[in-house]
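Reading through the structure tokens given below for one structure.
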Amino acid sequence: MSLILGTFLFSVASALIPVLNAEVYLAAIPHSQDRALWLAVVAGTGQTLGKIIWYYAGIHSMKISWLARKMETEKWQASYQKWHQRIVGRPVLAGAICFASAFSGFPPLAIIAVLAGSLRMNFAVFVVTCLIGRILRFWLVLEGADWVKDVVPHLFG
Numbered sequence: 001m002s003l004i005l006g007t008f009l010f011s012v013a014s015a016l017i018p019v020l021n022a023e024v025y026l027a028a029i030p031h032s033q034d035r036a037l038w039l040a041v042v043a044g045t046g047q048t049l050g051k052i053i054w055y056y057a058g059i060h061s062m063k064i065s066w067l068a069r070k071m072e073t074e075k076w077q078a079s080y081q082k083w084h085q086r087i088v089g090r091p092v093l094a095g096a097i098c099f100a101s102a103f104s105g106f107p108p109l110a111i112i113a114v115l116a117g118s119l120r121m122n123f124a125v126f127v128v129t130c131l132i133g134r135i136l137r138f139w140l141v142l143e144g145a146d147w148v149k150d151v152v153p154h155l156f157g
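Following the UniProt record's numbering, the numbering of the sequence shown begins with 1 at its first residue and continues without gaps.
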């Protein structure tokens with residue numbers, strides 16, 4: 001139980017604080033292979049919860065005076081309009097971008113979450129694609145760590 005709670009809490013924290021790396025944490029924790037998917041779900045849920053906070057930060061970002069001033073520039077307005085046109089009314093594209101970021105880490109999901117919030121991306125699409133992408137990513141990390149732990153002793157043994 002403490003492994004599950006610790007994984008959840010670390011995942012939330014790592015979603016909010018970029019220097020905390022959920023992948024390194026997951027690769028380092030002791031676990032059995034039959035619990036990898038369960039741990040991936042827990043970590044993905046924690047990360048998604050943290051990214052929801054970034055999403056809401058994006059919604060309220062225009063209330064920050066220095067950011068609002070920056071958004072008044074022509075360059076920012078053009079970029080915002082371009083992304084707004086790409087995202088609004090295109091939930092499949094928006095979901096694909098969010099999923100790609102959640103699964104691959106590029107572009108960073110924290111940035112995509114803030115952008116999604118500021119562009120008012122459909123919240124359900126954001127949450128579902130973020131959650132699925134993160135669960136798959138973390139499951140692969142856990143399985144990969146297990147594989148390395150199995151292979152390395154044979155290479156040097």
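No residue lacks a Cβ here, since even glycine has one placed at the ideal position from N, Cα and C.
For His84, the enclosing alpha helix (DSSP H) covers residues 74 to 87.
For the 8 angstroms CB-CB criterion, Ala40 and Ile135 form a contact. If only complete runs of 4 or more residues are kept, the stretch 4 to 55 shows the alpha helix (DSSP H) at 22 to 28, in order along the chain. If you draw a 10 Å sphere on the C-beta of Ile97, you find 16 or more other C-beta atoms in it, and that means buried. Contact annotation: the stretch 40 to 53 touches the stretch 124 to 134, with at least three C-beta pairs closer than 8 angstroms. In the pairwise beta carbon analysis, the stretch 54 to 73 is classified as touching the stretch 116 to 123: at least three pairs are separated by under 8 angstroms.
Assigned with DSSP and collapsed to three states, Phe106 falls in coil, not helix or strand.
The Cβ-Cβ distance between Leu142 and Ala22 does not fall below 8 angstroms.
Contact between Gln47 and Ser14 holds: their C-beta atoms lie close to 7 angstroms from each other, under 8 angstroms. Judged by their CB atoms, Val42 and Ile4 are nearer to each other than the 8 angstroms cut-off.
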